[in-house]
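Trainee: Per my numbering, the sequence shown starts with residue 14, numbered consecutively. Cβ coordinates follow ideal geometry from the N, Cα and C atoms, glycine included. Since we're looking at a predicted model, the values are computed, not measured.
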Amino acid sequence: MCQCSPDSEPKSTFDLNRVWRPDDGQTPAPLKPGPNAIYREDIFETIREKIKELDPELRELSLDIHAWRATYEVGSGGRTIGVNSEMDALKGIGHACGHNLIGISGVAVAIAIRAALEKHNLSGKIVLLGTPAEEGGSGKVVLLEKGAYEGMAACLMCHPAPGPVGSVSLSSCLALERLIVEYHGHTAHAALSPWEGKNALDAAVLGYNNISALRQQLRPTHRVHGIFEGKDWAPNIIPDYAKFICYVRAPTVAQMQETVKRVIPCFEAAALATGCELKIDRSGATGDLRQNKALGNEVANIVLNKHGAIDYQWGISSASTDFGNITYALPSLHPGFAIPTEVDGGNHTLAFAKAAATAESHKATLDVSEALAATGVRVLIDDDFFAKVQQTFKEDQILREQS
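1. From residue 303 to residue 272, what distance separates their C-alpha atoms?
2. Short check: CB of residue 337 to CB of residue 172, under 9 angstroms?
3. So is residue 104 buried or exposed if we call it buried at 16+ other beta carbons inside 10 Å?
4. From residue 3 to residue 377, what does the alpha carbon distance come to, in whole angstroms?
5. Between which two residues does the beta strand (DSSP E) containing residue 141 stretch?
6. Could you tell me the distance, in whole angstroms, from the CA atom of residue 13 to the CA atom of residue 62?
7. If we count Cβ pairs, one from each stretch, closer than 8 angstroms, do we get three or more for the region 60-74 versus the region 372-387?
8. Report yes if the C-beta distance between residue 259 and residue 224 is below 9 angstroms; otherwise report no.
9. Bridge partners for residue 100 per DSSP, in chain order?
10. Taking the alpha helix (DSSP H) that residue 294 falls in, what are its first and last residues?
11. Just checking, does the region 83-98 make contact with the region 127-141 on the three C-beta pairs under 8 angstroms criterion?
12. Can you tell me which residues form a DSSP beta bridge with residue 375?
13. Measure the CB-CB distance between residue 106 and residue 354 and report whether it falls below 9 angstroms.
14. At 3 residues or longer, and completely inside the region 204-286: list those beta strand (DSSP E) runs for me, N to C.
15. Could you check the C-alpha separation between residue 129 and residue 189 for me, to the nearest Å?
16. Run through DSSP, which three-state label would residue 55 get?
17. What distance in whole Å lies between the Cβ atoms of residue 197 and residue 254, which are believed to be in contact at a cut-off of 8 angstroms?
18. Taking 9 angstroms as the threshold (C-beta atoms), are residue 334 and residue 147 in contact?
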């Protein structure tokens, strides 16, 4: 058992160079705990016992999602730790991004922190947010704007991804902006009098082709992709309306904004060429994940000593999430955690939805929840550690401003 007081700094025994990569195999071996490896081992065991006790209820809850805000406070004047239970699903394929697992993780983390505060007579406040509409709706951005994150010292959540069970990723993700591009033309009979028409579908296709030409000049880490939508289309009628829903992604908000500036002229040129009217709705942007270094190191320490491996490259590194905006606003952490999937069965596939319902994935969720809960407690009770959390957040702010 660690004999550290809440104010002391335990020696760290984890190796940040221990990084899992896809060719390392499917079974990362945990490191053996060293002396003073885990901050307040007694608190960690309380967290582990509570999550184990909740196991059956959490398993049931993962299939039954609701929205809520729950708070709990012990003592007065302590810090507040925020936890997110992300709740969403994908049309037609359900929990193909593992939101059932994300949802129960937030519940597990919050209840485990509560158990630790009560048993060890510690002060602090927990705010658990049920956060809907991550898939395309940027729900957390709306909650942030409405003040739901005010007063939080830090905020925590996690997200599943393919990989060997036991590995946890502290990678970032891509910043994203959604562009809703609408072309308005003029309908006409496609055979009898096509010269009377202004073809909105042609405009959308030209915009798509312009982007295809642009991609050769984009960095390989940037993404531009989208789909067409229309209404009342028929092969013998020139369409007078077409919509192109476009996502632009890049490793940082600044880089994403520069790419958006190059994408918009692709749509403008298409409207000019076809004589259509153009409307572009920049419907919302989400940031890259600015993983707080101090919070991340603490989670890495726990994972490496108790469960498995850490990586800094994979996880959801090429996807996007509205939690990125939260990491820009306050010290936050959003680790990915690996669940076993089929070949080519990654996020947003039916295979991933199936994987997210397995017992192995459930266990992986509880393991990362232990690490997050223990980190959350340390935010609440360890002044020196929280000072480091604040310091690394400020350092990242400076870095963003300079980039």
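Mentor: Looking at the atomic coordinates:
1. 20 angstroms
2. no
3. exposed
4. The first residue shown for the chain is 14 and the last is 416, placing residue 3 beyond what the model contains.
5. 137-145
6. Because the chain spans 14 through 416 in this model, residue 13 falls outside it and cannot be assessed.
7. yes
8. yes
9. 145
10. Residue 294 -> not in any alpha helix (DSSP H); beta strand (DSSP E) instead, spanning 290-299.
11. yes
12. BP columns for residue 375 are empty, so no partner.
13. no
14. 236-242, 254-263
15. 37 angstroms
16. helix
17. 6 angstroms
18. yes
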